[in-house]
Amino acid sequence: MRQARLAITQPIALPLREGFGSVDSVSCFRQLDQCDSPEVLVAEIARVLRPGGLLLLTVPNGDVESLLRPWFHVEMQQALDSPGQRLLICTRKKKSPY
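Structure (structure tokens):
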């Protein structure tokens, strides 16, 4: 088993010596709606995430597509659907009483 490390950092330039494809998983909670260039954030995540790695991404109200429009379907798909990666979107619809 490899040694686990946790890094809490600014999302635009992750401080990784290993560089490309060196991270098994990335958790990104409500950052896409807070940054000026979400496409830069997604590109950085794609850069460091290993092929087959896991990205846990949350956005307000589960509305990732409208948040990233108009480039969502092209650049995000290309960034995360590179060799060894695949993009799955899971949403939660608001239902009463929540």
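Letter 71 of the sequence shown, counting from 1, is numbered 70 in numbering that gives the first Met the number 0, and no numbers are missing. Beta carbons: idealized from backbone N, C-alpha and C, even for Gly. Bear in mind that the values here come from a model prediction, so they are computed numbers and not experimental data.
Asked	Found
Nearest-angstrom Cα separation, counted from Ser21 out to Ala42	14 Å
Whole-number beta carbon distance between Leu53 and Asp23, since they are thought to touch under 8 Å	7 Å
Beta-bridge partners of Cys27, as assigned by DSSP	Leu56
First through last residue of the alpha helix (DSSP H) which encompasses Arg46	37-47
Simplified DSSP assignment, three categories, for Gly108	This structure cannot settle anything about residue 108, because the visible part of the chain is limited to 0 through 97.
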